[in-house]
Amino acid sequence: MDFTKIENKFFHLLFLIIAIAFIIVSPYFFDDYGERILSNIAIFIILAISYNLINGVTGQFSLEPNGFVAIGAYVTALLLLNSESKIDQFSLEDPSTFILAFHSPNFILALLAAGFFSCLLSFILSFAVFRVRGDYLAIVTLGFGIIIKLLAINFPSITNGSLGLTLSSSDLPKSSDLIYWTGGIAIISVILILNITYSKYGRAMKAIRDDEDAASAMGIHTFWIKTLAFGTSAFLEGVGGGLLAYFLASVSPEQFDFLLTFQLLIIIVLGGLGSTTGAIIGAVLVIGGSEWLRFLDESMNIFGYQTEARPGLRMVVFSLALILVMLFARKGLMGDKELLDFLKFKKNPKNGRKQ
Numbered sequence: 001m002d003f004t005k006i007e008n009k010f011f012h013l014l015f016l017i018i019a020i021a022f023i024i025v026s027p028y029f030f031d032d033y034g035e036r037i038l039s040n041i042a043i044f045i046i047l048a049i050s051y052n053l054i055n056g057v058t059g060q061f062s063l064e065p066n067g068f069v070a071i072g073a074y075v076t077a078l079l080l081l082n083s084e085s086k087i088d089q090f091s092l093e094d095p096s097t098f099i100l101a102f103h104s105p106n107f108i109l110a111l112l113a114a115g116f117f118s119c120l121l122s123f124i125l126s127f128a129v130f131r132v133r134g135d136y137l138a139i140v141t142l143g144f145g146i147i148i149k150l151l152a153i154n155f156p157s158i159t160n161g162s163l164g165l166t167l168s169s170s171d172l173p174k175s176s177d178l179i180y181w182t183g184g185i186a187i188i189s190v191i192l193i194l195n196i197t198y199s200k201y202g203r204a205m206k207a208i209r210d211d212e213d214a215a216s217a218m219g220i221h222t223f224w225i226k227t228l229a230f231g232t233s234a235f236l237e238g239v240g241g242g243l244l245a246y247f248l249a250s251v252s253p254e255q256f257d258f259l260l261t262f263q264l265l266i267i268i269v270l271g272g273l274g275s276t277t278g279a280i281i282g283a284v285l286v287i288g289g290s291e292w293l294r295f296l297d298e299s300m301n302i303f304g305y306q307t308e309a310r311p312g313l314r315m316v317v318f319s320l321a322l323i324l325v326m327l328f329a330r331k332g333l334m335g336d337k338e339l340l341d342f343l344k345f346k347k348n349p350k351n352g353r354k355q
């Protein structure tokens, strides 16, 4: 009997039960503001673990997430808006006939469509972007994100240009269900990513990360493995974009510039490239920490002395904290390990028994 597999399944099941229980009871312990922060963290967990799959696990330095997130957000918004709402909102140019007919009130279908379109585009792109490696790959994918933003601005008959789209409460699921949607999909995403990482495809991705030429010599079809990672990452980024549209109730081009990719890059580097657990911890620290430090921007009473409000101070403190963390943990908080690796009992090398 393989006790290691049983041990892995036990811990995975335990974490799954804890995560589901936390999401179910969170509305009873957090107010609306707290729930929105948790929802934002859940969305960034989805984006971070999907970005980590291509960047950390497969080792392809890609800077494309803002492009796929934008596609997911626009597809979701355009599907949820009915033709009357589109005619009312499109003020720069009338919506095209296709956009008017592009409608589905079902939120799940809208999210799946968001993921599908992102995944389809990633498959087409993979033939171009994986012809290059390293820094060149980063530049090509960076250009993709910029192109998507410019297309969103310059095709007002499809996206309403720079004015963007606004979703009303009637277009979206109930706001009280936000944490259930974001938290539930975050759990499904984590399970999906962990299953891929621990599968033979995950091992092939890590082999490509360590030495692509050696992996190819061993018979691994590097192009298709990279395309699989790229497509999975794009699908989840598209779904995350749809959830972001739900969270913000609006979609506009400036939400999807390079700063979004930069933020995700900080999260996965802080957590540890290649570690799904690290990406989750990074998302909690970066998104939750920046909100927790918001009090630094406001006026404070320190031992009877009233300080002036200093907007932006929290970002200075937050950046300093990130620099300190990276100085003392240069491979990120988790390195390339998962939380499970630290929880397992170490085997005694002399007798093989667990301590």
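FYI, the numbering for the sequence shown is 1 to 355, going by UniProt numbering.
For each residue, glycine too, the CB sits at the ideal point set by N, CA and C.
If you're wondering where the values come from, they're calculated on a predicted model, not measured in any experiment.
Residue i versus residue j: straight-line alpha-carbon distance, rounded
i	j	result
Phe-127	Tyr-201	19 angstroms
Met-218	Ile-37	46 angstroms
Gly-282	Asp-94	42 angstroms
Gly-274	Glu-84	46 angstroms
Ile-124	Ile-196	22 angstroms
Arg-314	Phe-247	23 angstroms
Ser-122	Val-317	37 angstroms
residue 370	Gly-183	In this structure the chain extends from 1 to 355, so residue 370 is not present and cannot be described.
Gly-134	Phe-61	6 angstroms
Asn-301	Gly-231	51 angstroms
Ser-162	Ala-114	20 angstroms
Ile-149	Val-69	Rather than Ile, the amino acid found at residue 149 in this sequence is Lys. Lys-149 and Val-69: Cα-Cα distance of roughly 11 angstroms.
Ile-187	Phe-342	21 angstroms
Leu-228	Gly-238	15 angstroms
Ile-23	Phe-30	11 angstroms
residue 378	Ala-73	Residue coverage of the chain in this structure runs from 1 to 355, which leaves residue 378 outside it and unanswerable.
Leu-137	Tyr-33	39 angstroms
Gln-355	Leu-14	The predicted position of Gln-355 is uncertain, since its pLDDT is 42 and thus under 50; a value taken from the coordinates is nonetheless stated next. In a straight line, the C-alpha of Gln-355 is about 21 angstroms away from that of Leu-14.
Gln-263	Gly-312	17 angstroms
Ser-26	Lys-226	38 angstroms
Thr-307	Glu-291	20 angstroms
Ile-185	Ala-48	13 angstroms
Pro-349	Asp-336	At Pro-349, the pLDDT of 49 sits below 50, so the modelled position is not reliable; the number obtained from the coordinates is stated separately. Straight-line Cα distance between these residues: approximately 23 angstroms.
Cys-119	Leu-327	36 angstroms
Val-132	Leu-92	39 angstroms
Phe-10	Val-129	40 angstroms
Leu-109	Ile-71	15 angstroms
Ala-19	Ile-43	15 angstroms
Ala-329	Gly-272	9 angstroms
Ala-234	Leu-100	26 angstroms
Asp-297	Tyr-305	16 angstroms
Ser-299	Arg-310	7 angstroms
Asp-211	Met-205	10 angstroms
In DSSP terms, what residue i is bridged to
i	result
Gln-306	Asn-301
Ser-157	In DSSP, Ser-157 forms no bridge with anything.
Ser-250	Thr-166
Where the alpha helix (DSSP H) through residue i begins and ends
i	result
Ile-179	178–198
Phe-68	65–80
Ser-96	Note, Ser-96: premise wrong, no alpha helix (DSSP H); not H, not E.
Ala-214	212–217
Asp-31	First-last for Asp-31: undefined, no H or E at that position.
Gln-255	Careful: Gln-255 lies outside any alpha helix (DSSP H) and carries neither H nor E.
Met-315	313–328
Leu-273	No alpha helix (DSSP H) holds Leu-273; DSSP gives it neither H nor E.
Gly-289	289–292
Gly-115	107–129
Residue environment, residue i, which counts as buried when at least 16 other CB atoms sit within 10 Å
i	result
Thr-277	buried
Ser-319	exposed
Gln-255	buried
Lys-174	exposed
Pro-105	exposed
Ala-214	exposed
Phe-144	buried
Leu-324	exposed
Asn-351	With a pLDDT of only 49 at Asn-351, under 50, the local geometry of the prediction cannot be trusted, and the value read off the model is given with reservation. So Asn-351 counts as exposed.
Ala-207	buried
Glu-338	buried
Arg-203	exposed
Ala-321	exposed
Asp-88	exposed
Sub-8 angstroms separation of residue i and residue j beta-carbons
i	j	result
Ile-45	Ile-280	yes
Phe-90	Asn-160	yes
residue 374	Gly-288	Because the chain here runs from 1 to 355, residue 374 falls outside it and cannot be looked at.
Ser-96	Leu-236	no
Phe-102	Leu-79	yes
Leu-270	Leu-285	yes
Thr-141	Glu-35	no
Ser-39	Ile-267	no
Leu-81	Leu-167	yes
residue 362	Gly-59	The structure shown has nothing for residue 362, since the chain only spans 1 to 355.
Asn-66	Asp-257	yes
Ile-153	Pro-253	yes
Ser-250	Leu-111	no
Short CB-CB distance (under 8 angstroms) between residue i and chain E
i	result
Ser-91	Here chain E cannot be found, since the structure has a single protein chain.
Residue i: CB within 7 angstroms of a non-hydrogen atom of the ligand GTP
i	result
Leu-324	In the structure shown, the ligand GTP is absent, as is every other ligand, since no ligand is present at all.
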